[in-house]
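*Asks:* The numbering used here applies: residue 8 is where the sequence shown begins, and numbers increase by one. By construction, the Cβ of each residue, glycine as well, lies at the ideal position given by its N, Cα and C atoms. Could you have a look at this structure, given as structure tokens, before my questions?
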Amino acid sequence: MSSYRSGPSPILVVVIGACVVLGGYFVWRGLLDFVASRGNITAEVTQQAVATATARAQSPILRPTLYVPATFTPLPPCQWFRVKVERAVYRECPSTDNEQCPIRDVVPEGTELCVYGRVPDVPEWYVVELNPGGAYRDTVYMHESVLEAVNPTPTPTVTMTPLPTVTPTPSPSPQPTLPPSPSPTYDPRLSPTPTPSVTPSPTPPQVEL
């Protein structure tokens, strides 16, 4: 008759041995850390906290981006023009080249159109708005030869005011200076010239008749 001997399983023995080894390793590491921190068990936690705070301070702060809708440049006011020819066309760009600037439509004479102004690079063409006051822009181009202003701006005329005529005042001409006439000089050595006396003529005797 054979006897049955019961004992621990080999697998259990291996597991227990592994736990003992790992436990001893962690206890040894903890002992070394305790010695290195000189008995301060919170040193490692403090170091980790300081390292985390330093990393946050050095890393840029990510802030949410504020969404700002795009602003549009306000359009100039409409200048109303009228088609002055029997039939006029407007094009996609300011040119008469049908390949580069095809014709979009034809408008009859008398049609009033909203004009923003002249094209800067090609001033003989106008920028025309087909949807004034609408939610979207629909601009085309028309030549100046087919449009005229509905309310043309009057051109001021320059009035020339005649200047007053100034008559020069004649300046008095200087009179010639005559030299003084010489006066006779009296010489005391000469005797004065005697003035002759007038002797009266004799009166004839009167005869009585």
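Check whether the Cβ atoms of L120 and V135 sit closer than 8 Å, and answer yes or no.
*Replies:* Result yes, Cβ atoms of L120 and V135 sit closer than 8 Å.
*Asks:* Under 8 Å, do G117 and R94 count as touching if we go by C-beta distance?
*Replies:* No, these two residues do not count as a Cβ contact at 8 Å.
*Asks:* Could you spell out where the alpha helix (DSSP H) holding S92 opens and where it closes?
*Replies:* Before going further, note that residue 92 is Val rather than Ser in the sequence given. Here V92 belongs to no alpha helix (DSSP H), and DSSP marks it neither H nor E.
*Asks:* Which residue or residues does DSSP assign as beta-bridge partners of E155?
*Replies:* DSSP output for E155 lists R89 as bridge partner(s).
*Asks:* Is DSSP giving R36 helix, strand or coil here?
*Replies:* Helix, per DSSP.
*Asks:* When DSSP builds the beta bridges, which residues end up paired with Y97?
*Replies:* According to DSSP, Y97 bridges with D112.
*Asks:* Is it buried or exposed, P101, if we count other Cβ atoms within 10 angstroms and call 16 or more buried?
*Replies:* Per the 10 Å Cβ criterion, buried.
*Asks:* Grab the span of the beta strand (DSSP E) containing E136 for me, first residue to last.
*Replies:* Segment 132-136, the beta strand (DSSP E) holding E136.
*Asks:* Can you find the residues in the same chain that come closer than 7 Å, C-beta to C-beta, to E155, ignoring five residues on each side of it along the sequence?
*Replies:* So the list reads F88, R89, K91, once near-sequence residues are dropped.
*Asks:* Quick one: residues in its chain with C-beta nearer than 8 Å to the C-beta of F33, no 5 flanking neighbours on either side, listed in chain order?
*Replies:* Within the same chain, F33 has no close Cβ partners at all.
*Asks:* In terms of residues, what are the limits of the beta strand (DSSP E) holding R144?
*Replies:* Unbroken run through R144: none, as it is neither H nor E.
*Asks:* Measuring CB to CB, does Y143 end up less than 8 Å from L82?
*Replies:* Result no, Cβ atoms of Y143 and L82 do not sit closer than 8 Å.
*Asks:* Return the CA-CA distance between E99 and P115, expressed in angstroms with no decimal places.
*Replies:* So the two alpha carbons sit approximately 18 Å from each other.
*Asks:* So what does DSSP say about G124, is it helix, strand or coil?
*Replies:* The answer is strand: DSSP assigns G124 an E or B state.
*Asks:* Could you check which residue in C85, V157, L38 has the C-alpha nearest to that of P139?
*Replies:* When each option's Cα is compared against that of P139, the closest is C85.
*Asks:* On a CA-only basis, which of L137, L19, G31 is nearest Y148? Give me that one, please.
*Replies:* When only C-alpha atoms are compared, the closest one is L137.
*Asks:* Can you tell me the Cα-Cα spacing of A58 and L29, whole angstroms?
*Replies:* Those two C-alpha atoms are separated by around 29 Å.
*Asks:* Buried or exposed: which applies to V22, given that a residue is buried once 16 or more other Cβ atoms fall within 10 Å of its Cβ?
*Replies:* Classification for V22: exposed.
*Asks:* Please list, in chain order, all residues of the same chain as Y74 whose beta carbon is under 7 Å from its beta carbon, the five residues on each side excluded.
*Replies:* Because the pLDDT at Y74 is just 49, under 50, the model does not fix this residue reliably, and the point stays unresolved.
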